[in-house]
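The structure under discussion appears below in the form of structure tokens.
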Amino acid sequence: MKLKISENFKKLIVNTGRKLYKQNLTIGTWGNISVLDPDTDLVYIKPSGINYNEIDLKDIMVIDKKGKIVEGFRKPSIEMPMHLSIYNARKDVKAIIHYHPIYSSVLAVTGFSLPGICEDFVQIVGEKVLCAKYALPGSEELAKNAVVSLGNRNAVFLLNHGTLCVGRDIKEAMKVCYVVEKTAHIYILSKNLGKCRVIPEEDIKVMQDFAKNSYGKQTEK
Ligand SMILES: [Zn+2]
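For the sequence shown, counting from 1, position 214 maps to 214 in UniProt numbering; every step adds exactly one.
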């Protein structure tokens, strides 16, 4: 049986890549984006080595969850193992953005984690973001390390490398990207001032419950 390929999912990859590029959240060909179509279980992923502003719909690779190419004539992103490992480990995740933004990369080169210091961050990203153990880009080992340190949160730093954010759809993953980068920036500036308050665990829990059960409920699909 031939699975239905959606041009809309391809468009999401192209448009999100251009947005990341325009907003200086990544440069050149670095970083990668994928979305999972829950109806067919097919993954749409950025091709390897093409600039974001040059990627067209025909360049988007369609693969199954084992990495077999279903459509496309390019090479899928080098980080395909990391994307697939996350989809296999986290059933709630339907979109993944890996990018190389400045402030979160500052934390990613130190190996520090980012604590829950801002309300938006704890509501949509998690109580903190951890830094995964180092492994070479594109390796199965990096994929494994990223899954472990991501846990049930929506972002993870990759040591000496960059950041990865996930969401229930690409819009949410993009929102996580903005909030992680903004919070990393705030964290670094506050550390320079010498003081930074981490939100207590019990308050984080209340905010997360609110975000999950009440906030914006009426607009949810
Ligand atoms: Zn990368």
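Think of the CB as a built atom: it goes at the ideal place given N, C-alpha and C, for glycine as much as any other residue.
The beta-carbon separation of Val156 and Val129, rounded to 6 Å, stays under the 8 Å limit for a contact.
In chain order, Pro47, Ile50, Arg74 place their CB closer than 7 Å to the CB of Asp59, counting only its own chain and leaving out the 5 sequence neighbours on each side. A Cβ-Cβ separation of about 26 Å leaves Ile33 out of contact with Gly116 under the 8 Å criterion. Ranking Glu141, Tyr103, Val43 by CA distance to the CA of Ala95 puts Val43 first. Per DSSP, reduced to three states, the secondary structure at Asp37 is strand. As the crow flies, the alpha-carbon of Cys131 is around 18 Å from that of Ala173.
Contact between the stretch 155-169 and the stretch 82-99 is present, with at least three C-beta pairs closer than 8 Å.
By the neighbour-count criterion, in which a residue is buried when 16 or more other Cβ atoms sit within 10 angstroms of its Cβ, Val109 is exposed. Boundaries around Phe157 are those of the beta strand (DSSP E), 155-158, since no alpha helix (DSSP H) includes it. Excluding sequence positions up to five before and after Leu150, its CB lies within less than 6 Å of the CB of Val156, all in the same chain and listed in chain order.
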